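When we follow my numbering, the leftmost residue of the sequence shown carries the number 726, and every step to the right adds one.
We put the CB at the ideal spot given by N, CA and C, even for glycine.
Being a predicted model, the structure only gives us computed values, none of them experimental.
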Amino acid sequence: MKVWGRIRKDNKTISDCVFEIPEKTADAVSDWNEPIGEICRKLDLARPIILKKHIDDFEKFSHTHFKQRDFMEPIDFDRLEIELF
């Protein structure tokens, strides 16, 4: 399974990257900290706070997003979107 992270500002993608994880489905992933942390590292971002809402979105819809309220530091974009494929 691959995880696609993209930074969006004014409804435009300003940066993105892909990270591959060995699990076949979102249900098989036991800890989302590593894939999200790797996406943030590749995009040179602080790691957001991962809530139950984000995990539920991954499992139900195969994507989630993080806004300013999910980061401890100020960000200069609208949201970080993470999608599974």
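> Would the region 763-775 and the region 791-803 be scored as touching if the rule is three or more Cβ pairs under 8 Å?
Replying inline: yes
>> Check whether chain C comes within 7 Å of Leu-770, counting only Cβ atoms and requiring the distance to be less than that.
In response: Among the protein chains of the structure shown there is no chain C, as only one such chain exists.
> Tell me which same chain residues have a C-beta within less than 6 Å of the C-beta of Glu-745, skipping the five on either side of it?
Replying inline: Locating residue 745 in the sequence shown gives position 20, where the first residue counts as 1. Counting only Cβ-Cβ distances below 6 Å, and skipping sequence neighbours, we find Lys-727.
> Residues in its own chain within less than 6 Å of Cys-765 by CB, not counting five upstream and five downstream?
Replying inline: Position 40 of the sequence shown, counted from the start, is the residue given in the question as residue 765. Here the set comprises Arg-772.
>> Along the chain, where does the alpha helix (DSSP H) containing Glu-763 start, and where does it finish?
In response: The count along the sequence shown starts at 1 and reaches residue 763 at position 38. Here the alpha helix (DSSP H) through Glu-763 covers 758-767.
>> Tell me the rounded alpha-carbon separation between Asp-735 and Pro-747.
In response: On the sequence shown, position 10 is the one that residue 735 refers to. On the sequence shown, position 22 is the one that residue 747 refers to. Cα to Cα, Asp-735 sits roughly 33 Å from Pro-747.
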